[in-house]
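Note sheet for the following structure.
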Amino acid sequence: MFKRVMLGNVCRIPRRSFFGVSKPQSYEISKILNGTAKQVYDIVSQVDQYKTFVPFVEDSFISQRTKDDLPMRAGLLVGWKDIVEKFECDLICVENKEVTAKSLQLDLFDNLETIWKFQDHGGNKCKVDFKLAFKFKSPIYDKLSSLFAPQVSEIMIGAFEKRLKQIKLNESMKKYQKAKL
Numbered sequence: 563m564f565k566r567v568m569l570g571n572v573c574r575i576p577r578r579s580f581f582g583v584s585k586p587q588s589y590e591i592s593k594i595l596n597g598t599a600k601q602v603y604d605i606v607s608q609v610d611q612y613k614t615f616v617p618f619v620e621d622s623f624i625s626q627r628t629k630d631d632l633p634m635r636a637g638l639l640v641g642w643k644d645i646v647e648k649f650e651c652d653l654i655c656v657e658n659k660e661v662t663a664k665s666l667q668l669d670l671f672d673n674l675e676t677i678w679k680f681q682d683h684g685g686n687k688c689k690v691d692f693k694l695a696f697k698f699k700s701p702i703y704d705k706l707s708s709l710f711a712p713q714v715s716e717i718m719i720g721a722f723e724k725r726l727k728q729i730k731l732n733e734s735m736k737k738y739q740k741a742k743l
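Numbered by this note's numbering, the letters in the sequence shown go through residues 563 to 743 in order.
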């Protein structure tokens, strides 16, 4: 049937598979943003607002909060072309420091985790470390995602950076209008 192939000390038995065995994918980005750790943390932790500024997010909600009113469980309805999926995540929010989200639905993903870390960088700047790690259950989704996941990470950071600029502009406009009065 199949011939065994020796690669050094490893024996590889060829097998037929259209997609092959999918592996977990992980992408990391670090960036300095013009805003404080608190400002960036506030934007990332307000998951219910994602629908207003994050590409591909058609709906977003917070379904559970801690006794300190921090988001503890949240969900997204994500769409791209004809693919629409809804999922919920457990959140761990460390105020002004970190937001971690882990998917609860295991029908779409074997695992999905995002980690945002924030650190003041002086001069009203913040260092943001973003990590996206996932593995789809579907080999088709896994293969598709491997083609565009690096760009999605960049798009995500870009969306949050744009939102930060928007919020800072709105705050400046309010201060200006108050000063005029």
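C-beta: ideal position from N, C-alpha, C; glycine also.
Quick caveat: nothing in here was measured; it's all calculated off a predicted structure.
Express the C-alpha separation of residue j and residue i in angstroms, rounding to a whole number.
| i | j | result |
| --- | --- | --- |
| Gln-691 | Lys-742 | The sequence shown places Asp at residue 691, not Gln. Cα-Cα distance, rounded: 39 Å. |
| Ile-677 | Ser-625 | 19 Å |
| Leu-731 | Pro-701 | 43 Å |
| Asn-658 | Tyr-703 | 34 Å |
| Asp-669 | Glu-650 | 11 Å |
| Glu-733 | Lys-585 | 44 Å |
| Gln-601 | Glu-620 | 24 Å |
| Lys-699 | Leu-706 | 12 Å |
| Leu-726 | Val-661 | 16 Å |
| Phe-696 | Leu-674 | 4 Å |
| Val-572 | Ser-708 | Reliability fails at Val-572, whose pLDDT of 48 lies under 50, so the model's placement of it is uncertain and the value that follows must be treated cautiously. Each residue's Cα considered, the two are about 27 Å apart. |
| Leu-666 | Glu-647 | 13 Å |
| Ile-645 | Leu-639 | 11 Å |
| Asp-610 | Pro-633 | 9 Å |
| Cys-688 | Tyr-612 | 20 Å |
| Gln-681 | Ala-636 | 24 Å |
| Val-656 | Gly-597 | 18 Å |
| Lys-643 | Ser-607 | 27 Å |
Taking residue i and residue j to be in contact with their CB atoms under 8 Å, please state how far apart those CB atoms are, rounded to whole angstroms.
| i | j | result |
| --- | --- | --- |
| Ile-717 | Ile-605 | Ile-717 to Ile-605, Cβ: 15 Å. No contact. |
| Tyr-589 | Ala-711 | 6 Å |
| Phe-623 | Gly-641 | At roughly 15 Å, the Cβ-Cβ gap does not stay under 8 Å, so Phe-623 and Gly-641 are not in contact. |
| Lys-664 | Asp-652 | 5 Å |
| Ser-715 | Ile-594 | With a Cβ gap of about 16 Å, Ser-715 and Ile-594 do not count as contacting. |
| Lys-736 | Phe-615 | Lys-736 to Phe-615, Cβ: 19 Å. No contact. |
Tell me residue i's beta-bridge partners as DSSP assigns them.
| i | result |
| --- | --- |
| Phe-623 | Gly-637 |
| Asn-673 | Lys-697 |
| Phe-692 | Ile-591 and Trp-678 |
| Val-646 | Gly-641 |
Starting from residue i and walking both ways along the alpha helix (DSSP H), at which residues does that stretch end?
| i | result |
| --- | --- |
| Asp-704 | 701-742 |
| Val-602 | 599-607 |
Along the beta strand (DSSP E) that carries residue i, what are the first and last residues, could you check?
| i | result |
| --- | --- |
| Lys-659 | Unbroken run through Lys-659: none, as it is neither H nor E. |
| Tyr-589 | 587-595 |
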